[in-house]
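Protein chains in written order, with our numbering: chain F, 11 to 243; chain S, 11 to 243.
The beta carbon of each residue, even a glycine, is placed where N, CA and C say it ideally should be.
Predicted model, so just to flag it, every value in this text is computed and none were measured.
Working notes for the structure below.
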DNA sequence: TCATGAAGGTGGTCGGACCACTACGTGCGA
DNA sequence: TCGCACGTAGTGGTCCGACCACCTTCATGA
């Protein structure tokens with residue numbers, strides 16, 4: 011009775027779609043445990059090998075999570091889970107595409123910073139300050155980079171839009187920033203970066219969304235312009 | 011005990027990282043053909059099964075492309091290839107996260123429309139008009155949706171940022187819009203949508219970026235507000 | 001010269017075997 | 001009775017070998 015199977019694509023691809031559909035239709039809830047690989051394979055009438063490939067694919071997409079010895083589970087399906095793969099884009103992009111990514115980041119980062127200025131709590135602001143001072147208190151590039159990332163991440167979180175924060179996180183993935191900032195900082199951009207960070211912080215403390223937007227846009231824009239110039243030469 | 015044991019994660023996961031690194035380091039160029047699955051597995055000292063899972067994972071991420079009978083190739087690594095998975099996010103998001111996604115789309119769409127107003131060519135503008143009139147000339151929801159998507163896609167392309175266009179494409183994936191718009195249009199929003207689309211087109215034709223930005227923001231914002239209200243009730 | 005088809009190579013699928021880890025219940029000892 | 005160690009079943013992780021489906025290439029012959 012379960013014949014009439016449309017032979018489109020590979021069996022693995024079909025399995026991926028089936029599982030995705032099950033989740034989209036609500037037949038599988040976030041956090042729920044799936045049947046075993048062996049059972050799932052039997053249900054869809056495919057081999058365990060093919061089913062494993064499908065599961066692996068959905069795992070890297072952040073949809074499923076496999077726990078060795080325990081079972082396969084649907085993730086919480088939160089923004090962070092599903093947008094983790096965004097980092098891959100940033101890591102594998104080169105040349106003009108890097109500028110485009112920074113352009114997207116400038117747009118989102120400025121908006122997020124503006125929102126944060128209106129919504130940030132005193133606790134979150136204190137956290138931002140912590141990373142700001144820590145960033146200025148060291149000369150270790152690695153440490154600076156880490157606090158720089160945390161600085162912007164905290165702001166993005168304060169904006170109250172998890173999806174936006176997750177995208178920005180991907181756009182600022184460690185390897186991405188390391189690649190771009192290495193050259194940028196070598197040109198003595200430390201002082202400028204500090205001033206820009208200070209300006210962002212001032213705008214947040216003053217609860218001034220427009221100033222925050224401008225400061226964030228200028229901050230990312232500086233890097234963007236530098237990179238554009240680099241590619242031109 | 012163990013000497014130089016990189017035993018972190020599964021072998022498949024390590025294989026994924028290895029291949030990704032090879033591409034990031036430029037040892038594999040876009041479009042280049044990889045060794046066979048069997049050779050790759052031998053090179054990394056793992057089984058073909060595990061290697062296949064790694065390849066499948068990178069395939070769904072849009073990094074690799076497997077051609078049956080021919081070989082495995084690195085994709086062009088363009089924005090569209092890597093951001094195809096973005097649609098999964100839109101398809102599997104529910105509740106409050108849908109509003110967040112629309113918020114992101116509002117920010118990016120308004121920026122893209124503003125850029126398009128400054129950069130769009132007469133040919134592209136004609137294409138936009140084509141979809142606008144086609145959209146208004148039918149009552150078939152499916153057709154309207156298709157032209158609606160094409161309308162915004164053409165504008166995003168005219169903005170000149172492929173990455174941004176690809177993200178917007180994912181945020182407007184067919185199933186995503188179908189889910190949200192079904193209810194939205196049922197409330198007789200057709201007339202309002204037409205007015206908004208007309209306003210966007212006018213701004214584009216007038217090469218007025220600020221007007222275009224405002225019109226696009228209002229357009230997405232309407233849906234956003236409606237969805238927010240839906241979730242509240 | 002060009003259509004044809006045979007052959008080899010490649011990804012796709014399958015089934016089974018075994019390993020590594022987890023979860024849970026049993027039973028021992030305190 | 002309680003607590004903990006241990007054993008055991010079940011699960012995902014890995015490997016192997018075989019075969020199938022498809023593409024590419026090239027020798028063949030009209």
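Can residue i and residue j be called in contact, C-beta distance under 8 Å?
i                     : j                     : result
residue 166 (chain S) : residue 178 (chain S) : yes
residue 111 (chain F) : residue 103 (chain F) : yes
residue 211 (chain S) : residue 113 (chain S) : no
residue 223 (chain S) : residue 120 (chain S) : yes
residue 48 (chain F)  : residue 62 (chain F)  : no
residue 84 (chain S)  : residue 39 (chain S)  : yes
residue 227 (chain F) : residue 206 (chain F) : no
residue 21 (chain S)  : residue 65 (chain S)  : no
residue 159 (chain S) : residue 187 (chain S) : yes
residue 60 (chain S)  : residue 86 (chain S)  : no
residue 174 (chain F) : residue 118 (chain F) : yes
residue 108 (chain S) : residue 233 (chain S) : no
residue 82 (chain S)  : residue 44 (chain S)  : yes
residue 185 (chain F) : residue 101 (chain F) : yes
residue 221 (chain S) : residue 213 (chain S) : yes
residue 137 (chain S) : residue 164 (chain S) : yes
In three-state DSSP terms, what is residue i?
i                     : result
residue 217 (chain F) : coil
residue 117 (chain S) : helix
residue 97 (chain F)  : helix
residue 43 (chain F)  : strand
residue 239 (chain S) : helix
residue 226 (chain S) : helix
residue 180 (chain S) : helix
residue 105 (chain S) : coil
residue 198 (chain F) : coil
residue 81 (chain F)  : strand
residue 140 (chain F) : helix
residue 55 (chain F)  : coil
residue 209 (chain S) : helix
residue 37 (chain F)  : coil
residue 171 (chain F) : coil
residue 86 (chain S)  : coil
residue 18 (chain F)  : coil
For a contact defined as C-beta to C-beta under 9 Å, what are the partners of residue i on chain F?
i                     : result
residue 179 (chain S) : Residues of chain F passing the Cβ test: none, with the nearest at roughly 13 Å.
First and last residue of the beta strand (DSSP E) that includes residue i?
i                    : result
residue 74 (chain S) : 74-77
What span of residues does the alpha helix (DSSP H) with residue i cover, start to end?
i                     : result
residue 33 (chain S)  : 21-34
residue 154 (chain S) : 151-168
residue 63 (chain F)  : 58-70
residue 92 (chain F)  : 89-92
Along chain F, which residues have their Cβ under 7 Å away from the Cβ of residue i?
i                     : result
residue 62 (chain S)  : 63
residue 121 (chain S) : 117
Taking 7 Å as the cut-off, is the CB of residue i close to at least one heavy atom of the ligand FMN?
i                     : result
residue 213 (chain F) : Questions concerning the ligand FMN fall outside what the structure shown contains, since it holds no ligand whatsoever.
Residues of chain S with CB closer than 9 Å to the CB of residue i, please, in chain order.
i                     : result
residue 174 (chain F) : 110, 113, 114, 117
residue 143 (chain F) : Near residue 143 (chain F) there are no residues of chain S at all, since even the closest Cβ is about 30 Å away, more than 9 Å.
List, in chain order, every chain S residue whose beta-carbon is nearer than 7 Å to that of residue i.
i                     : result
residue 59 (chain F)  : 59
residue 218 (chain F) : Neighbours of residue 218 (chain F) on chain S: none; closest Cβ ~19 Å, over 7 Å.
residue 154 (chain F) : None at all; the shortest Cβ gap to chain S is about 23 Å.
residue 107 (chain F) : 89, 173
Counting only Cβ pairs nearer than 8 Å, list the residues of chain S close to residue i.
i                    : result
residue 98 (chain F) : 30, 71, 73, 92
What in chain F is Cβ-close to residue i, meaning under 8 Å?
i                    : result
residue 22 (chain S) : 66
### Query
Is it a yes or a no for the region 126-136 of chain S touching the region 129-148 of chain F, going by three-plus beta-carbon pairs under 8 Å?
The region 126-136 of chain S and the region 129-148 of chain F do not touch, with fewer than 3 CB-CB distances between them shorter than 8 Å.
### Query
Any contact of the region 24-39 of chain S with the region 67-78 of chain S, i.e. 3+ C-beta pairs under 8 Å?
Yes, the region 24-39 of chain S touches the region 67-78 of chain S.
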